[in-house]
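Okay, structure first, notes after.
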Amino acid sequence: MWLPPTPPSAPQTWSLYLSFWWLWAAQIRMNLWYGRGGLSTTRYWIWKARQAEAQEQLWTDPKGYYFCNIVTVLPEAQGRGVGRALMEEVIGYADREGVWCYLESSRREPNVAIYEKFGFELAKEMDCKDGEGEGSQIKLYCMLREPRKGAAEAE
1 MWLPPTPPSA
11 PQTWSLYLSF
21 WWLWAAQIRM
31 NLWYGRGGLS
41 TTRYWIWKAR
51 QAEAQEQLWT
61 DPKGYYFCNI
71 VTVLPEAQGR
81 GVGRALMEEV
91 IGYADREGVW
101 CYLESSRREP
111 NVAIYEKFGF
121 ELAKEMDCKD
131 GEGEGSQIKL
141 YCMLREPRKG
151 AAEAE
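Here it is as C-alpha cells:
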C-alpha cells in the first residue's frame with residue numbers, strides 16, 4: 001500500500017487521517033489472523049516513535065514523499081512480476097511528478113537488495129528496542145528513492 005505525498009507544512013486531511021487508522025486496523029487484523037510479527041502494542045508504539053524520528057530527519061523535500069507502507073505478494077504468486085508491477089506503477093507517478101519515494105524494510109536480506117534494483121538507497125537503520133535479551137530489538141531499514149529525471153519524457 002502506497003500513501004500519497006503530502007507536504008510537511010500541509011495540515012493532515014481527514015481522508016489521510018482515516019487511511020492511517022484503516023491501515024493500522026488492517027495490520028492488527030492481519031497480525032491476529034496470520035500470527036506474524038508477534039503482535040505487541042508496546043512494540044507498535046516504539047516503532048511509530050522511531051518512524052517519526054526517522055521521517056523528521058529524512059523527509060526534507062517540501063513536496064512530500066510517496067510512502068510505500070507495505071508490499072506483499074502471496075508465495076504462490078512470487079516470481080511472476082506482481083511485486084515489480086506494484087512498485088513500478090507508483091514509482092512511475094513519482095518520477096513524472098518529481099517526487100521522492102520512501103519505504104521501511106523489516107529485513108536487510110534480501111529486501112534491501114531488491115529495493116535497490118528499483119533505485120532505492122539505504123538512508124538509515126532504525127533500531128526499535130523493547131526490553132533486554134534476544135528478540136527484544138528489531139532493526140528496520142529506511143530507504144529513499146530520488147525521482148529520475150527524464151522519466152516523463154521517456155514515456
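In full-length UniProt numbering, the protein residues as written are 1 to 155. Heads up, the beta-carbon is just placed ideally off N, CA and C, and yes, glycines get one too. In this text, all values refer to a predicted model and were calculated from it rather than measured experimentally.
Whole angstroms is fine: what's the gap from residue i's alpha carbon to residue j's?
i      : j      : result
Pro110 : Tyr44  : 23 Å
Ile138 : Cys128 : 5 Å
Leu23  : Glu116 : 25 Å
Thr15  : Pro5   : For the sequence presented, residue 15 should be read as Ser rather than Thr. When rounded, the distance between both Cα atoms is 13 Å.
Ile114 : Gly133 : 30 Å
Gly83  : Gly131 : 35 Å
Ala25  : Tyr17  : 13 Å
Met87  : Leu144 : 13 Å
Gln78  : Ala49  : 32 Å
Glu121 : Asn31  : 28 Å
Gln12  : Ala52  : 15 Å
Trp33  : Glu97  : 38 Å
Gln27  : Glu89  : 23 Å
Phe20  : Thr42  : 18 Å
Val112 : Arg29  : 26 Å
Val150 : Arg80  : Per the sequence presented here, residue 150 reads as Gly, with Val not at that position. Approximately 28 Å, taken between the alpha carbons.
Between which two residues does the beta strand (DSSP E) containing residue i stretch?
i      : result
Arg145 : 137 to 145
Just to confirm, are residue i and residue j a CB contact at a threshold of 8 Å?
i      : j      : result
Cys142 : Met126 : yes
Pro7   : Pro62  : yes
Leu140 : Phe67  : no
Ile70  : Met1   : yes
Select from the options the residue whose C-alpha is nearest the C-alpha of residue i.
i      : options                       : result
Cys119 : Gly131, Asp130, Asp95         : Strictly speaking, residue 119 in this sequence is Gly, with Cys absent from that position. When each option's Cα is compared against that of Gly119, the closest is Asp95.
Ala54  : Lys124, Arg84, Gly150, Pro147 : Lys124
Phe60  : Tyr17, Glu104, Val99, Pro11   : Per the sequence presented here, residue 60 reads as Thr, with Phe not at that position. Nearest of Tyr17, Glu104, Val99, Pro11 to Thr60, Cα basis: Val99.
Leu103 : Tyr17, Leu58, Ser19, Thr13    : Leu58
Ser106 : Lys149, Val82, Thr72          : Thr72
Ser136 : Thr13, Phe20, Pro11, Trp47    : Trp47
Glu146 : Leu140, Leu18, Tyr65          : Tyr65
Ser9   : Glu56, Lys149, Arg80          : Glu56
Tyr93  : Thr42, Arg80, Arg148          : Arg148
Segments of 4+ residues assigned as alpha helix (DSSP H) that fall wholly inside the UniProt domain "N-acetyltransferase" (1 to 145): 14 to 34, 41 to 58, 82 to 97, 111 to 116
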